[in-house]
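Read the structure below first, then the notes.
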Amino acid sequence: MQHDEQTKTTWDSGLMRRLFRYSYPHFRLVLAGIFLIILSSFLGLFGPYLTKIAIDQYIRPGDMAGLNRILLVYLALLVVSFAIHYSQGIITQLLGQRVMYDLRSQIFGHFQKLTLRFYDQNPVGRLMTRITSDVDALNQMFTQGVVSIFGDVFLLGGIIIVMLSMNWRLALWIFMVIPVLFAITLTFQSRVRQAFSNIRKWLAQINTYLQENITGIQVIQVFNRQQINAENFRSINSEHTKAHIRTIQYYAVFFPLVELISAVALAAVIWRGGLMKISGLTSFGALVAFIQYAQMFFRPISDLSEKYNILLSAMASSERIFKLLDTRPDILPTGTFHSKEAPVIRFDQVWFAYEPENYVLKNLNLAIQPGQSVAVVGHTGAGKTSLINILSRQYDIQRGSVLVAGRDIREWDLSALRKKMAVVLQDVFLFSGSVYENVALGHPEITAEMVEQACKEVHLHDFIQSLPAGYETEVRERGAALSMGQRQLLSFARALVSNPEILILDEATSSIDTETEQLVQDALQRIMHGRTSIVIAHRLSTIRHADRIFVLHRGELKEQGNHEALLAERGLYYQLYRLQFQEQELV
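For the sequence shown, the residue numbers in our numbering are 1 to 587.
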């Protein structure tokens, strides 16, 4: 089980500046949100002051008309505050959603550029966490953190100014608890920070394990691993739950503690203010208003602490996201060469390894002429699939060169190079969507007539016509509604409809039954005519008529020639053939 990488739990101004850049395209929303929340905080300061006026100027003298006027002003203030709060909430949520849209679009676009080597090293579940929960954490920052902080700071500053102007002696009684609150807040932040980091880590593990188990559910059920996998998932889920419970415990201690300290400070203000009222040093209305301001004083302090934790959580998520976005593809499409000519393919002293120095292809030299049908055979692990992976430039080689039309494929425009090729793999991947969409793959130049003709070529048209909606029938996720053979035939149609110059078949008939294979072989004989074809196969019966056969063994080219010549050599190909067809078939 791979563990999610640990991230920083301290403030990083550079990281935060980079994160704020995503709000630049929406600066009007940012400014509007800040203005409204500051205005809301400003209006909030008037409530206690209106209470002071009502008590001292209208209630004590018994002026009901004046009291009614103050009441109307207070109600108008509440209505305006409600409208401002509503508008501010809409604007900040809109800001968060737009930033999430931009960020998710950028991450998804970046996923499309990364090469297979990156996906070999990173579990899908971890990558899913980046584009879901990590981006959600940034949404929290923009909707509840950044903009709201301005309101809390402004409100806190306004309360301090008003309290000092009203009665600086009583204000000092409130301010004396600030060092205690500061110490408690620092302790709380350090604990919660680590808890948030653990939550993100175990959430990524849940996503990874869940994706792996759903994808491999057939293997799990066939080999009776349900109970074992359930126990493993419970263990991961338990750690994630524990991390959440720890944050709940910290919050359960912190907020009541802040309330307790504020209650003690408020009691001290009431006691001291009562003495001052008895002594005639303050009015009753001023004391009531001061108590209300004192109650308001502690709310932005606890809010700021919570907002700070939102910022730290967002920073941990942004670090993981930016680490992903900063990952450069190991294959950069910098080439510009392209050619319309039928290309000669040449492997010149090619050395290739997935891991450093662990070469799967060693000093490989071979040539494939335009229109030639070639086959690549060998034991498992001989390097057959690696050969087509580097030809389509899914991976780059370490030494040597792969030449197409006389130019190194690294000099080719990558899109133009791959447009010349169509690959049919053993493990067919079908997308959610219709049969037509899975064959055309969204290319606008591919028409319905072209899709239908390709399906006829691979003898799939009659089957598709028997489906409830024909070519518009949904195949469901990964083609669950189709048999293995039908999925394989669909992948043939997908390759053929693009009319490639180079057709690559990687164990393409291994999952097809004998009857279906005969139909496919009949179609392939016509389709491969005049087209460069590279066939990788274990079943040697499928490549007898290849113009040339390359025999690989442990990454090296051991033999080459046609079927009859290789059998006559009685070498490695002869041994492979004998294993499949028995000695009497060789006579």
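For each residue, glycine too, the CB sits at the ideal point set by N, CA and C. Note that the coordinates shown come from a computational prediction; the quantities given were computed from them, not determined experimentally.
Quick check on Asn207: buried or exposed, where buried means 16 or more other Cβ atoms within 10 Å of its Cβ? Residue mapping note: residue 207 aligns to position 207 of the sequence shown, counting from 1. So Asn207 counts as buried.
Hey, Arg200 and Ala83: beta-carbon distance below 8 angstroms or not? Reading the sequence shown from its first residue, position 200 is the one you call residue 200. Reading the sequence shown from its first residue, position 83 is the one you call residue 83. Contact flag unset, no.
Are the segment 179 to 192 and the segment 67 to 77 in contact at 8 angstroms, needing three or more beta carbon pairs? Too few Cβ pairs lie closer than 8 angstroms, so no.
Between the beta-carbon of Val374 and the beta-carbon of Phe550, is there less than 8 angstroms? Against the sequence shown, residue 374 aligns to sequence position 374. Against the sequence shown, residue 550 aligns to sequence position 550. Yes.
Is Ile397 helix, strand or coil by DSSP? What you label residue 397 is simply residue 397 of the sequence shown in a count that begins at 1. For Ile397, the three-state secondary structure derived from DSSP is coil.
Return yes when the Cβ of Ala195 is within less than 8 angstroms of the Cβ of Thr247, no when it is not. On the sequence shown, residue 247 is found 247 positions in, with the first residue counted as 1. On the sequence shown, residue 195 is found 195 positions in, with the first residue counted as 1. Yes, Cβ-Cβ distance for Thr247 and Ala195 is below 8 angstroms.
Cα-Cα separation between Thr92 and Val73, rounded to whole angstroms: Taking the sequence shown and counting its residues from 1, one reaches residue 92 at position 92. Taking the sequence shown and counting its residues from 1, one reaches residue 73 at position 73. If you take the alpha carbons of Thr92 and Val73, they lie about 28 angstroms apart.
Secondary structure at Ala537, three-state DSSP: helix, strand or coil? Position 537 of the sequence shown, counted from the first residue, corresponds to residue 537. Three-state DSSP puts Ala537 in coil, outside helix and strand.
Could you pull out every residue in the same chain whose Cβ sits closer than 7 angstroms to the Cβ of Tyr436, ignoring the five residues on either side in sequence? In the sequence shown, residue 436 corresponds to position 436, counting from 1. Sequence-distant Cβ neighbours of Tyr436 in its own chain, meaning closer than 7 angstroms and more than five residues away, are Ala448, Val451, Tyr471, Glu472.
Indicate the three-state DSSP secondary structure (helix, strand or coil) for Phe347 in the structure shown. Stepping through the sequence shown from its first residue, residue 347 is reached at position 347. Of the three classes helix, strand and coil, the one that applies to Phe347 here is strand, per DSSP.
Have a look at Arg487 and Gln144 and give me their C-alpha separation to the nearest angstrom. What you label residue 487 is simply residue 487 of the sequence shown in a count that begins at 1. What you label residue 144 is simply residue 144 of the sequence shown in a count that begins at 1. Whole-angstrom Cα-Cα distance: 48 angstroms.
Assign Glu457 to buried or exposed, taking buried as 16 or more other Cβ atoms, counted over all protein chains shown, within 10 Å of its Cβ. Counting from one through the sequence shown, the residue named residue 457 turns up at place 457. Residue environment: Glu457 is assigned as buried (16 or more neighbouring CB atoms within 10 Å of its CB, all protein chains considered).
Residues in the same chain with beta-carbon distance under 7 angstroms from Ser318, minus the five sequence neighbours each way, listed in chain order, please. Reading the sequence shown from its first residue, position 318 is the one you call residue 318. Cβ contact annotation for Ser318 (same chain, cutoff 7 angstroms, sequence separation greater than five): Leu15, Leu19, Leu138, in chain order.
Could you check whether the segment 305 to 315 touches the segment 139 to 158, counting it as contact only if at least three pairs of C-beta atoms, one from each stretch, sit closer than 8 angstroms? Inter-segment contact for the segment 305 to 315 and the segment 139 to 158 is present: three or more beta-carbon pairs are separated by less than 8 angstroms.
Rounded to whole angstroms, what's the CA-CA distance from Ala568 to Lys420? Just pull it up for me. As a first step, residue 568 must be located in the sequence shown, where it is residue number 568. As a first step, residue 420 must be located in the sequence shown, where it is residue number 420. When only Cα atoms are considered, Ala568 and Lys420 end up about 35 angstroms apart.
Taking 8 angstroms as the cut-off, decide whether the C-beta atoms of Thr129 and Leu203 are in contact. Reading the sequence shown from its first residue, position 129 is the one you call residue 129. Reading the sequence shown from its first residue, position 203 is the one you call residue 203. Yes. Within cutoff.
Can you confirm whether the segment 248 to 259 touches the segment 159 to 177 when touching is taken to mean that 3 or more C-beta pairs between the two stretches lie within less than 8 angstroms? In the pairwise beta carbon analysis, the segment 159 to 177 is classified as not touching the segment 248 to 259: fewer than three pairs are separated by under 8 angstroms.
Label Gly381 either buried or exposed according to how many other C-beta atoms from any shown protein chain fall within 10 Å of its C-beta, with 16 as the threshold for buried. Against the sequence shown, residue 381 aligns to sequence position 381. Its Cβ having fewer than 16 others within 10 Å, Gly381 is exposed.
Okay, do the segment 264 to 279 and the segment 213 to 232 touch, 3+ Cβ pairs below 8 angstroms being the bar? Touching, no, given that fewer than three Cβ pairs across the two stretches are closer than 8 angstroms.
Per DSSP, what kind of secondary structure is Asn499 in: helix, strand or coil? As a position in the sequence shown, residue 499 is number 499, starting the count at 1. If DSSP states are grouped into helix, strand and coil, Asn499 belongs with coil.
Rounded to whole angstroms, what is the Cα-Cα separation between Tyr577 and Trp351? Numbered from 1 along the sequence shown, position 577 holds the residue referred to as residue 577. Numbered from 1 along the sequence shown, position 351 holds the residue referred to as residue 351. Going from the Cα of Tyr577 to the Cα of Trp351 covers about 28 angstroms.
Leaving out five residues on either side along the sequence, give the residues of the same chain with a beta carbon under 6 angstroms from the beta carbon of Ser401. In the sequence shown, counting from the first residue as 1, residue 401 sits at position 401. Correct list, in chain order: Asp348, Asp408.
Would you check if the distance between the CB atom of Ser502 and the CB atom of Val377 is smaller than 8 angstroms? The residue you call residue 502 lines up with position 502 of the sequence shown. The residue you call residue 377 lines up with position 377 of the sequence shown. Residue identity check: residue 502 is Ile in the sequence provided, not Ser. In this structure, Val377 does not lie closer than 8 angstroms to Ile502 by Cβ.
Touching by the beta-carbon criterion (3+ pairs, under 8 angstroms), the segment 53 to 62 and the segment 88 to 105: By the criterion of at least three beta-carbon pairs nearer than 8 angstroms, the segment 53 to 62 is not in contact with the segment 88 to 105.
Decide if Trp412 is buried, meaning its Cβ has at least 16 other Cβ atoms within 10 Å, or exposed. If you number the sequence shown from 1, residue 412 lands on position 412. Residue environment: Trp412 is assigned as buried (16 or more neighbouring CB atoms within 10 Å of its CB, all protein chains considered).
Let me check understanding here. Comparing Cα to Cα, which of Arg494, Val258, Gly442 lies closest to Ser302? Numbered from 1 along the sequence shown, position 302 holds the residue referred to as residue 302. Of the residues Arg494, Val258, Gly442, the one whose Cα lies closest to the Cα of Ser302 is Val258.
Applying the 10 Å Cβ sphere with the 16-neighbour rule, what's the burial state of Ser190? Against the sequence shown, residue 190 aligns to sequence position 190. Under the 10 Å beta carbon count, Ser190 is surrounded by fewer than 16 other beta carbons and is classified as exposed.
Can you tell me whether DSSP reads Ala353 as helix, strand or coil? By 1-based counting over the sequence shown, the position of residue 353 is 353. The answer is strand: DSSP assigns Ala353 an E or B state.
Let me check one thing: in DSSP terms, what residues is Gln560 bridge-paired to? For the purposes of this step, residue 560 is identified with residue 560 of the sequence shown, where counting begins at 1. In the DSSP output, where bridge partners are listed per residue, Gln560 has Phe550.
What are the boundary residues of the alpha helix (DSSP H) that Asn122 is part of? For this step, residue 122 is matched to residue 122 along the sequence shown. Asn122: not part of any alpha helix (DSSP H); DSSP gives it neither H nor E.
Using a threshold of 8 angstroms, state whether the C-beta atoms of Gly371 and Thr115 are closer than that. Taking the first residue of the sequence shown as 1, we reach residue 371 at position 371. Taking the first residue of the sequence shown as 1, we reach residue 115 at position 115. Remark: C-beta atoms of Gly371 and Thr115 do not approach each other more closely than 8 angstroms.
Rounded C-beta distance between Ala454 and Leu496? I'm assuming under 8 angstroms. Against the sequence shown, residue 454 aligns to sequence position 454. Against the sequence shown, residue 496 aligns to sequence position 496. For a cut-off of 8 angstroms, the C-beta gap from Ala454 to Leu496 is around 4 angstroms, short enough to register as a contact.
Suppose the cutoff is 7 angstroms on Cβ atoms and the five residues either side in sequence are ignored; what does the same chain contact list for Ile331 look like? Counting from 1 along the sequence shown, the entry for residue 331 is found at position 331. For Ile331, the CB contacts under 7 angstroms within the same chain, skipping 5 residues up- and downstream, are Thr115, Arg393, Asp396 in chain order.
Measuring alpha carbon to alpha carbon, tell me which of His379, Ala405, Gly406, Arg410 ends up nearest Ile390. In the sequence shown, residue 390 corresponds to position 390, counting from 1. Nearest of His379, Ala405, Gly406, Arg410 to Ile390, Cα basis: Arg410.
Suppose the cutoff is 8 angstroms on Cβ atoms and the five residues either side in sequence are ignored; what does the same chain contact list for Ala342 look like? Here residue 342 is taken as the residue at index 342 of the sequence shown, counted from 1. If we look at Ala342 and ignore the five residues flanking it on each side, its Cβ neighbours are Pro370, Gly371, Glu501, Thr532.
Cβ separation of Glu507 and Ala537, assumed to be a contact under 8 angstroms, to the nearest whole Å: As a working mapping, residue 507 is identified with position 507 in the sequence shown. As a working mapping, residue 537 is identified with position 537 in the sequence shown. Contact between Glu507 and Ala537 holds, since their C-beta atoms are separated by about 6 angstroms, short of 8 angstroms.
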